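As structure tokens, the structure follows; a few thoughts come after it.
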Amino acid sequence: MNEPILQQLAEILEQRKTAEADSSYVAGLYHQGLDAILKKIGEEATETVMAAKDGDKDKLVYEVADLWFHSLVLLAHEGLKPEDVLQELARRFGVSGLDEKASR
9 MNEPILQQLA
19 EILEQRKTAE
29 ADSSYVAGLY
39 HQGLDAILKK
49 IGEEATETVM
59 AAKDGDKDKL
69 VYEVADLWFH
79 SLVLLAHEGL
89 KPEDVLQELA
99 RRFGVSGLDE
109 KASR
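Heads up: take any position in the sequence shown, counting from 1, add 8, and you land on the numbering used here.
In structure tokens form, the structure reads like this:
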């Protein structure tokens, strides 16, 4: 259920990379460059933390969606796809978090 929406978003984000800056929010973000994308991710991460601290589950879901969305924008900007992250998560599946961290 969730993978198709990631695929759909990835396709749209890829299309926005070549769009005019004023044609969409994402196209404008791409045209502003990496620093603007990273700034948005930082903002969304902070808002996610604040929503969690407030204990507002609806707001937390909303902010995590923003964080994930902007992370997908970053991946696309860098020529990566959601599948790259999903493959990494699959690789880690069943591996102790302590073992995985020690292997870095």
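All C-beta atoms, glycine included, are put in the ideal place defined by N, C-alpha and C.
None of these values were measured; they are calculated from a predicted model.
Option nearest residue i by Cα separation, candidates the options
i	options	result
A73	V34, E55, Y38, L21	E55
M58	D30, R99, K25, L75	L75
G117	K67, L21, L14, S104	Outside the displayed range of the chain (9 to 112) lies residue 117, so it cannot be described from this structure.
Beta-carbon proximity check, residue i vs residue j, cutoff 8 Å
i	j	result
Y38	H85	yes
A35	A44	no
L80	A18	yes
L83	P90	yes
Three-state secondary structure (DSSP) of residue i
i	result
D66	helix
L88	coil
S104	coil
Same chain, Cβ closer than 6 Å to residue i, neighbours up to 5 away in sequence not counted
i	result
E71	E55, T56, A59
Proximal residues to residue i (C-beta, below 8 Å), its chain only, five neighbours per side dropped
i	result
S104	none
For this session: Count the C-beta pairs between the stretch 36-51 and the stretch 61-70 that are closer than 8 Å, then say yes if the count reaches three, no if not.
Result: no
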